[in-house]
């Protein structure tokens with residue numbers, strides 16, 4: 001590690017594609033070893049579980065004779081095509097990505113030198129038909145990514161009068177075989193197509209159309225079912241059902257794996273990044289604070305998500321750097337009190353979460369109290385407001401004389417009880433609450449809540 | 452040496468017997484494939500439908516059959532047809548078969564190049580006519596023939612296997628490319644004439660068309676749709692059988708009850724099914740080949756009190772998981788876990804590891 005990296009970049013802004021140092025902090029898992037094998041593999045993971053990091057590291061460690069292409073499919077929603085025809089459009093997208101990658105990262109001028117006529121014609125055909133713009137224009141616009149010699153090599157190839165190999169009736173599978181030939185001539189024995197970025201689809205688009213488009217992407221497996229091609233699919237767990245419905249997966253000889261992290265592996269991730277932050281060869285959470293308290297807290301609230309573990313560790317690293325020495329047990333306890341896991345409400349399931357830990361509560365009443373407070377961040381709510389919202393489903397307390405109005409002494413005890421029960425469930429120490437705080441004479445406030 | 456390879460050699464394996472889930476990529480398939488009695492009809496002279504679950508070994512059997520026929524040096528001539536695409540055009544499958552036939556014929560010629568030089572001018576022209584149907588065209592394939600050093604290069608380009616084990620391509624291949632280039636093609640000919648050409652020119656007494664991969668398309672997921680798609684082929688069964696041309700379908704199991712299939716008298720159907728003992732045998736055979744015939748059971752690399760490891764593994768599989776692909780995967784995980792623990796022996800507790808995070812599709 002040449003430069004010391006900031007805590008924020010190492011622990012908070014986690015985006016694998018923006019982490020050129022990823023190789024230094026990468027923690028391998030058995031599932032990663034499986035990805036490195038020649039089979040097609042489908043890896044399922046929750047958002048933030050490190051799928052993209054796996055993909056990038058896989059590409060980084062790739063052998064010289066394997067050409068890897070990272071494909072982030074775009075939904076084809078306007079097309080009237082369905083079924084296989086739609087899958088073919090997806091293949092065309094994949095082919096475009098392959099050809100672009102080949103031009104920009106394949107080192108073809110060096111690897112091919114003077115290509116034979118058939119390879120030259122094949123490559124020329126791919127350049128003409130599978131680049132996003134007119135081939136000559138595209139190549140000339142890559143001056144910042146290709147050397148002058150490489151640029152000239154491509155332009156010379158495009159100028160050559162070569163015979164047309166691919167005809168209208170040439171199937172996509174034959175086109176892929178042809179692409180493999182070009183790769184083999186360039187001493188790439190295999191093509192690995194890595195599919196990622198399908199998360200982007202789900203929040204924005206739903207419904208049958210997107211399902212059909214996804215099915216089309218996933219059905220491309222059938223077309224890529226060739227001996228020298230392997231698929232590495234990095235897929236959000238939420239898409240598992242759609243994937244299983246597709247014929248591509250049914251037939252394809254691919255193995256599936258879930259990306260899950262043990263506490264030990266998550267600790268490993270945090271400590272590798274800590275080493276970078278502290279410019280130390282090796283660093284452990286122990287070097288930040290005394291005892292196991294922080295680690296146990298991480299295990300309880302960090303769940304199995306690298307993002308949560310790193311996010312929770314970031315302020316501890318900053319505190320350590322500020323103090324310049326290890327925190328004592330008492331200081332660690334105080335740190336945890338000052339930096340509690342964020343509280344989140346999942347409205348669709350009426351669930352309360354602290355960090356990655358789900359709080360068990362079956363009370364709709366309690367959830368409504370939290371919901372009311374969460375909708376008014378940094379504002380105090382009176383017990384009266386909470387009572388009428390939680391019990392009477394009124395957005396504001398009624399006026400005295402309104403039939404819905406009740407005298408405070410009829411409900412105050414009940415409301416105190418509700419607040420006490422909530423605290424017992426969410427507060428690590430209900431006697432000194434950190435989340436549900438009462439400001440005497442003013443009202444109740446919800447702190448450390450995250451939308 | 453990589454840890455996995457080192458681990459395997461510590462077990463006494465020359466290669467990983469459980470490496471491939473995909474039989475199309477498995478170079479040792481012919482050495483260790485187990486063929487249940489019921490589906491041996493795949494190797495007989497009649498139209499056949501082999502039915503199996505995904506992962507049940509259809510493609511493995513298809514490849515085995517192809518290799519089995521290849522051994523006859525073209526007397527029983529195999530042609531593999533796996534549709535590249537989905538289309539409802541009437542002659543779609545026949546065009547596909549023509550293309551596959553051209554690939555097989557080209558590979559046959561490349562395997563025995565001298566044969567071409569002795570042909571009559573008419574046969575040469577007819578062959579050239581057929582070879583014009585090659586994927587990516589004849590010119591391209593001839594260029595590949597000129598540029599390639601090994602038969603395997605051509606195999607990879609065409610996705611079609613060679614018929615001989617010629618070490619490398621030589622002058623005869625260049626001469627073949629040259630002559631084919633110069634030859635003028637005959638007039639367009641019907642598919643039946645192409646079949647006749649294989650009989651006359653290559654001495655093929657029977658032609659076995661192995662049809663696989665039909666259920667790979669979104670449109671062919673239902674048994675009815677799949678049957679409707681292959682109806683043109685089913686209706687030629689009897690006519691072709693009379694000419695010793697046998698269609699052999701490798702189909703998904705859920706099609707087995709479809710009346711359109713069961714009512715076909717010309718077609719014999721057999722299901723590729725597996726029980727615990729057969730699955731255990733799948734593993735034993737792989738272990739035997741990978742250990743260079745030194746031992747034939749995982750018991751040999753297990754703790755002394757462990758017996759019948761393969762059978763125990765097979766019995767752990769759920770009813771719907773009793774498939775070769777599943778037990779191979781189970782063994783893959785078993786060996787991987789042991790290698791990762793730096794051990795060289797299977798212990799009783801290894802047989803009860805969790806396979807929750809790794810499982811294969813297509814059950």
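Residue numbers (the working numbering), protein chains in the order written: chain A, 1 to 451; chain B, 452 to 814.
Using N, Cα and C, we set each Cβ at its ideal position, and we do this for glycine too.
Remember, it's a predicted structure, so these values are computed and weren't measured experimentally.
Interface partners of residue i on chain A, CB under 8 Å
{"i": "residue 595(B)", "result": "118, 181"}
{"i": "residue 537(B)", "result": "83, 84"}
{"i": "residue 670(B)", "result": "83, 84"}
Local conformation of residue i per DSSP, three classes
{"i": "residue 327(A)", "result": "strand"}
{"i": "residue 702(B)", "result": "strand"}
{"i": "residue 232(A)", "result": "strand"}
{"i": "residue 522(B)", "result": "coil"}
{"i": "residue 603(B)", "result": "helix"}
{"i": "residue 575(B)", "result": "helix"}
{"i": "residue 258(A)", "result": "strand"}
{"i": "residue 379(A)", "result": "coil"}
{"i": "residue 410(A)", "result": "helix"}
{"i": "residue 247(A)", "result": "Below a pLDDT of 50, predicted positions are generally treated as unreliable, and residue 247(A), at 46, falls in that range; the measurement from the model is reported next regardless. In this structure, residue 247(A) counts as helix in the three-state DSSP scheme."}
{"i": "residue 800(B)", "result": "helix"}
{"i": "residue 529(B)", "result": "strand"}
{"i": "residue 192(A)", "result": "strand"}
{"i": "residue 263(A)", "result": "helix"}
{"i": "residue 717(B)", "result": "coil"}
{"i": "residue 353(A)", "result": "strand"}
{"i": "residue 45(A)", "result": "strand"}
{"i": "residue 164(A)", "result": "coil"}
{"i": "residue 547(B)", "result": "helix"}
{"i": "residue 624(B)", "result": "helix"}
{"i": "residue 387(A)", "result": "helix"}
{"i": "residue 661(B)", "result": "strand"}
{"i": "residue 203(A)", "result": "No answer about residue 203(A) holds up, because its pLDDT of 48 lies below 50 and its placement is not dependable."}
{"i": "residue 444(A)", "result": "strand"}
{"i": "residue 438(A)", "result": "strand"}
{"i": "residue 466(A)", "result": "The displayed coordinates of chain A run from 1 to 451. Any statement about residue 466(A) would go beyond what the structure contains."}
{"i": "residue 500(B)", "result": "strand"}
{"i": "residue 40(A)", "result": "strand"}
{"i": "residue 242(A)", "result": "helix"}
{"i": "residue 485(B)", "result": "coil"}
Contacts that residue i makes with chain B (C-beta to C-beta distance below 9 Å)
{"i": "residue 49(A)", "result": "None at all; the shortest Cβ gap to chain B is about 13 Å."}
{"i": "residue 39(A)", "result": "470, 471, 472, 473, 476"}
{"i": "residue 292(A)", "result": "Correct list: empty, because the minimum Cβ distance to chain B is about 26 Å."}
{"i": "residue 227(A)", "result": "473, 475, 476, 607, 610"}
Whole-number beta carbon distance between residue j and residue i, since they are thought to touch under 8 Å
{"i": "residue 599(B)", "j": "residue 605(B)", "result": "6 Å"}
{"i": "residue 383(A)", "j": "residue 358(A)", "result": "Not really, about 27 Å apart at Cβ, beyond 8 Å."}
{"i": "residue 167(A)", "j": "residue 535(B)", "result": "Wrong, their Cβ atoms sit about 14 Å apart, outside the cutoff."}
{"i": "residue 316(A)", "j": "residue 290(A)", "result": "With a Cβ gap of about 12 Å, residue 316(A) and residue 290(A) do not count as contacting."}
{"i": "residue 162(A)", "j": "residue 117(A)", "result": "7 Å"}
{"i": "residue 545(B)", "j": "residue 642(B)", "result": "6 Å"}
{"i": "residue 610(B)", "j": "residue 184(A)", "result": "That pair is no contact at about 13 Å."}
{"i": "residue 216(A)", "j": "residue 40(A)", "result": "Contact flag wrong, Cβ pair sits at about 18 Å."}
{"i": "residue 165(A)", "j": "residue 591(B)", "result": "5 Å"}
{"i": "residue 778(B)", "j": "residue 768(B)", "result": "6 Å"}
{"i": "residue 302(A)", "j": "residue 355(A)", "result": "6 Å"}
Partners in chain B for residue i, counting only beta-carbon separations shorter than 7 Å
{"i": "residue 163(A)", "result": "590"}
Closer than 8 Å at the beta carbon, the chain B residues around residue i
{"i": "residue 395(A)", "result": "Within 8 Å Cβ-Cβ: nothing; residue 395(A) doesn't reach chain B, min ~46 Å."}
{"i": "residue 30(A)", "result": "787, 791"}
{"i": "residue 215(A)", "result": "669"}
{"i": "residue 166(A)", "result": "587"}
Amino acids of chain A, ordered along the chain, whose beta-carbon sits closer than 7 Å to that of residue i
{"i": "residue 598(B)", "result": "116, 118"}
Exercise for review: Could you name each continuous beta strand (DSSP E) segment of 3 residues or more that falls completely within the segment 279-351 of chain A, going from the start of the chain to the end?
Suggested key: 343-346
**Study point:** Against chain B: residues of the segment 170-194 of chain A by CB proximity under 8 Å
**Key:** 170, 171, 172, 173, 174, 177, 178, 180, 181, 184
Practice item. With 9 Å as the C-beta to C-beta threshold (strictly closer), list the residues of the segment 780-806 of chain B near chain A in chain order. Key: 780, 783, 787, 788, 791
Point to revise | Whole runs of the beta strand (DSSP E) within the segment 65-130 of chain A, excluding any shorter than 3 residues | key: 66-71
Point to revise | chain A contacts from the segment 563-595 of chain B (Cβ-Cβ distance under 7 Å) | key: 586, 587, 588, 590, 591, 594, 595
Practice item. Give the residues from the segment 600-620 of chain B that approach chain A closer than 9 Å (Cβ to any Cβ), ordered along the chain. Key: 604, 607, 608, 609, 610
Review point. What runs of the beta strand (DSSP E), each 3 residues or longer, lie entirely inside the segment 703-770 of chain B?
Key: 719-722
Review point. In the segment 86-97 of chain A, which residues sit with their C-beta less than 9 Å from some C-beta in chain B, listed in chain order?
Key: 86, 87, 88
Point to revise | chain A contacts from the segment 735-757 of chain B (Cβ-Cβ distance under 8 Å) | key: none
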